[in-house]
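Data first, discussion second: the structure below is written as structure tokens.
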Ligand SMILES: NC(=O)c1ccc[n+]([C@@H]2O[C@H](COP(=O)([O-])OP(=O)(O)OC[C@H]3O[C@@H](n4cnc5c(N)ncnc54)[C@H](OP(=O)(O)O)[C@@H]3O)[C@@H](O)[C@H]2O)c1
């Protein structure tokens with residue numbers, strides 16, 4: 556099962572430089588709860604961003620896959636150079652945790668989406684790639700002030 560998890564504002568904004576444009580404690584807690592001890596896939600930019608957030612602490616995931624097409628190696632992680640083959644062939648539950656490039660490449664394989672909708676306009680420069688949300692069915696939502704924790708499942712053809 557391929558899960559994508561992200562937070563975005565009314566304009567589908569997800570980033571500012573290589574950080575989040577906001578600080579919502581409840582969303583960070585939600586992200587941690589959903590991804591703790593899971594296998595995660597992320598791009599090298601998101602890996603660097605998380606590493607600076609966790610500083611010397613290990614990242615709290617069971618397995619870490621980092622997408623990169625350079626020679627770079629990633630401490631404590633497996634490098635993925637071919638995302639399509641990886642997502643097509645894996646039998647694991649994977650959480651794709653960003654960023655924009657890796658979400659875009661992973662969307663065709665997504666079975667489940669965990670979207671935190673933020674009902675506000677923020678400042679930033681990285682947007683979630685446009686895609687057809689009607690291919691997914693809303694299965695749960697939980698509103699908390701400006702946040703709406705929504706879960707979608709792919710509609711079977
Ligand atoms: N709001 C949210 O929930 C959320 C979550 C996560 C991230 N973000 C935001 O997203 C932004 C980062 O997104 P980003 O797109 O710049 O970076 P990213 O997706 O984290 O990483 C992009 C990297 O993926 C690698 N890559 C590209 N194409 C590839 C391919 N076909 N196969 C394998 N690897 C490939 C490249 O690494 P190499 O150059 O090493 O080859 C590229 O630098 C930041 O602003 C961050 O704050 C937001």
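Residue numbers (the numbering used here): 556 to 712. For each residue, glycine too, the CB sits at the ideal point set by N, CA and C.
Where does residue 584 land, buried or exposed, given buried means 16+ other C-beta within 10 angstroms?
Numbered from its first residue, the chain shown carries residue 584 at position 29. Exposed: under 16 other Cβ atoms inside 10 Å.
Just verifying my parser: in three-state terms, what is the DSSP assignment at residue 608?
Taking the first residue of the chain shown as position 1, residue 608 is located at position 53. Three-state DSSP puts residue 608 in a helix.
Kindly examine ligand 1 and report whether one of its heavy atoms sits closer than 7 Å to the Cβ of residue 559.
What you label residue 559 is simply residue 4 of the chain shown in a count that begins at 1. Residue 559: no, Cβ never under 7 Å from ligand 1.
When the distance is taken between beta carbons, is residue 590 closer than 8 Å to residue 652?
Along the chain shown, one-based indexing puts residue 652 at 97. Along the chain shown, one-based indexing puts residue 590 at 35. Contact: yes.
Three or more C-beta pairs under 8 Å: does that hold for the segment 556 to 563 against the segment 661 to 670?
Three or more pairs of CB atoms, one per stretch, sit closer than 8 Å, so the segment 556 to 563 contacts the segment 661 to 670.
Using the DSSP secondary-structure output, state which residues sit across from residue 633 in a beta bridge.
Here residue 633 corresponds to residue number 78 of the chain shown, with the count starting at 1. DSSP lists 620 as partners of residue 633.
In whole angstroms, give me the CA-to-CA distance for residue 579 and residue 625.
Indexing the chain shown from 1 puts residue 579 at position 24. Indexing the chain shown from 1 puts residue 625 at position 70. In this structure, the alpha-carbon of residue 579 lies about 33 Å from that of residue 625.
Would you kindly work out how many angstroms separate the C-alpha atoms of residue 692 and residue 679, rounded to a whole number?
The residue labelled residue 692 in the question sits at position 137 within the chain shown. The residue labelled residue 679 in the question sits at position 124 within the chain shown. For residue 692 and residue 679, the distance between alpha carbons rounds to 28 Å.
Is residue 573 a contact residue of ligand 1, with contact defined as CB to any heavy atom under 7 Å?
For the purposes of this step, residue 573 is identified with residue 18 of the chain shown, where counting begins at 1. Correct: residue 573 has its Cβ closer than 7 Å to ligand 1.
With C-beta atoms as the reference, is residue 562 less than 8 Å away from residue 647?
The residue you call residue 562 lines up with position 7 of the chain shown. The residue you call residue 647 lines up with position 92 of the chain shown. For residue 562 and residue 647, no; Cβs fall outside 8 Å.
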